[in-house]
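> One structure is given below, represented as structure tokens, and several questions about it will come after.
Numbering (this note's numbering), first residue to last: 1 to 344.
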């Protein structure tokens, strides 16, 4: 793929056919503004997409292609690489099956392979579930683990991003009771480095100003409420500063997010899942985007699940997906710019 200022090709995986992925994908690509910033390519199933179009009473031309270069990429036409051929007349789309789970995983692996081969500039993933992955016989619990494995990423992190707040998680899906024992100085330092590099290279922030949240109330209050700040978090901040990174902390969790939203910090490093996700979703519940840091490819995702309870009812909100596509395109353009500058 030649480096230019042309719209980047962004592959969008359809997600679980049984979930809201097909519906929000059709709704999102009914927004012509997406075509101004990128060339959206659906990696999924034209039969399912046609069913979603019918459900929503949306009329689109369908262009089935075998290669990203064959796409028309214009509003009014959906460019689709048919990765599966699920018979919608025979398949009950009310619950996951081996067939839908296998198809869902193929969309992802195909997208990753295209991105690694530089045939698309980035990928956006519609929602999947661990249940569907298990039915497909996958060894992975979700997108991130599969992405990290296929891209050989050793250090990676989940960042939730919006126009007002960005949060990076040190620990993710573990019980709260295990968070303290899971924190290490090196682990936190690696997340600070990932945040710095990604904000600089993919979000065009020359010198990111990063905040690090404490674990305990009042960031420990001089160890009165716990020693994690003194023994684990502060050393990580100190080492990051010695490397020339602009980082502050550990800061009291009850005030740091307000400061970040007010513009003082570009991102907040959070010690555990809900510490970062509660304030983030309070502000960006509809337009929040999940992007994976540390991968050799660009990947963004919606910040919600498959929502089986409302799937195929025509009421799912595409706001997060629209923003995820725009965020992927933005990162792709910044990455192209940096490659051009390095080549020169």
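Glycine is no exception: its CB is placed at the ideal position from the N, C-alpha and C atoms.
Determine the extent of the beta strand (DSSP E) in which residue 267 is found, giving its start and end residues.
Indexing the chain shown from 1 puts residue 267 at position 267. It spans 267-270 - the beta strand (DSSP E) in which residue 267 sits, taken as one unbroken run.
> Using three-state DSSP, classify residue 249 as helix, strand or coil.
Translated into the one-based positions of the chain shown, residue 249 becomes position 249. Residue state, collapsed to three classes: strand.
> Is residue 290 buried or exposed, if buried means 16 or more other CB atoms sit within 10 Å of its CB?
Against the chain shown, residue 290 aligns to sequence position 290. That one is buried.
> Pull up the DSSP beta-bridge partners for residue 212, would you.
Here the question's residue 212 lines up with position 212 in the chain shown. In the DSSP output, where bridge partners are listed per residue, residue 212 has 269.
> Near residue 1, which residues of its chain fall below 6 Å by C-beta distance, leaving aside the five closest residues on each side in sequence?
Counting from one through the chain shown, the residue named residue 1 turns up at place 1. Confidence is the limiting factor: at residue 1 the pLDDT is only 38, short of 50, which leaves the residue's position unreliable, though a coordinate-based value still follows. Cβ within range, chain order: 118.
> Please state the DSSP three-state secondary structure of residue 175.
What you label residue 175 is simply residue 175 of the chain shown in a count that begins at 1. Coil.
> Could you check what DSSP says for residue 296 in three-state terms: helix, strand or coil?
Start at 1 with the first residue of the chain shown, and residue 296 comes out as number 296. Here residue 296 carries a coil assignment [DSSP, helix/strand/coil].
> Residue 311 and residue 48 look like a contact to me (Cβ under 8 Å); what is the Cβ gap, rounded to whole Å?
In the chain shown, the residue the question calls residue 311 occupies position 311. In the chain shown, the residue the question calls residue 48 occupies position 48. With a Cβ gap of about 12 Å, residue 311 and residue 48 do not count as contacting.
> For residue 166 and residue 267, which I take to be in contact (beta-carbon distance under 8 Å), what is that distance rounded to the nearest angstrom?
For the purposes of this step, residue 166 is identified with residue 166 of the chain shown, where counting begins at 1. For the purposes of this step, residue 267 is identified with residue 267 of the chain shown, where counting begins at 1. Contact between residue 166 and residue 267 is confirmed by a C-beta separation of about 4 Å, below the 8 Å threshold.
> Output the distance between the C-alpha atoms of residue 251 and residue 106, rounded to the nearest integer angstrom.
To locate residue 251, count along the chain shown from 1; it is residue 251. To locate residue 106, count along the chain shown from 1; it is residue 106. Straight-line Cα distance between these residues: approximately 43 Å.
> Does the beta-carbon distance from residue 296 to residue 324 come in below 8 Å?
Numbered from its first residue, the chain shown carries residue 296 at position 296. Numbered from its first residue, the chain shown carries residue 324 at position 324. No; because the gap between Cβ atoms is not below 8 Å, this pair is not in contact.
> Sort 185, 10 and 15 by Cα distance to residue 269 and report the nearest one.
Numbered from 1 along the chain shown, position 269 holds the residue referred to as residue 269. The shortest Cα separation from residue 269 among 185, 10 and 15 belongs to 185.
> Do residue 104 and residue 132 have their C-beta atoms closer together than 8 Å?
Numbered from its first residue, the chain shown carries residue 104 at position 104. Numbered from its first residue, the chain shown carries residue 132 at position 132. Cβ distance < 8 Å, so residue 104 and residue 132 count as in contact.
> Mark residue 160 as exposed unless 16 or more other C-beta atoms lie within 10 angstroms of its C-beta, in which case mark it buried.
As a working mapping, residue 160 is identified with position 160 in the chain shown. Flag for residue 160 reads buried.
> DSSP three-state call for residue 159: helix, strand or coil?
Numbered from 1 along the chain shown, position 159 holds the residue referred to as residue 159. Note: residue 159 maps to strand in three-state DSSP.
> Is residue 98 buried or exposed, if buried means 16 or more other CB atoms sit within 10 Å of its CB?
In the chain shown, residue 98 corresponds to position 98, counting from 1. Residue 98 comes out exposed.
> Between which two residues does the alpha helix (DSSP H) harbouring residue 20 extend?
One-based indexing of the chain shown puts residue 20 at position 20. Note, residue 20: premise wrong, no alpha helix (DSSP H); not H, not E.
> Just reading off the beta strand (DSSP E) that residue 40 is part of, what are its end residues?
Translated into positions along the chain shown, residue 40 becomes position 40. Here the beta strand (DSSP E) through residue 40 covers 39-44.
> Pull the bridge partners of residue 166 from the DSSP assignment, please.
Translated into positions along the chain shown, residue 166 becomes position 166. DSSP, once it has assigned bridges, lists 161 as partnering residue 166.
> Along the alpha helix (DSSP H) that carries residue 112, what are the first and last residues, could you check?
Stepping through the chain shown from its first residue, residue 112 is reached at position 112. Element bounds for residue 112: 98-116.
> Would you grab the beta carbon distance between residue 180 and residue 228 for me? Rounded to a whole angstrom, and I think it's under 8 Å.
Position 180 of the chain shown, counted from the first residue, corresponds to residue 180. Position 228 of the chain shown, counted from the first residue, corresponds to residue 228. Contact flag correct, Cβ pair sits at about 6 Å.
> What are the boundary residues of the alpha helix (DSSP H) that includes residue 147?
Within the chain shown, the letter at position 147 stands for residue 147. Counting along the chain, the alpha helix (DSSP H) containing residue 147 begins and ends at 143-151.
> Which same chain residues, not among the five before or five after residue 306, have their C-beta less than 6 Å away from its C-beta?
Position 306 of the chain shown, counted from the first residue, corresponds to residue 306. Closer than 6 Å at the Cβ level, and outside the excluded window around residue 306, lie 16, 19, 127 and 129.
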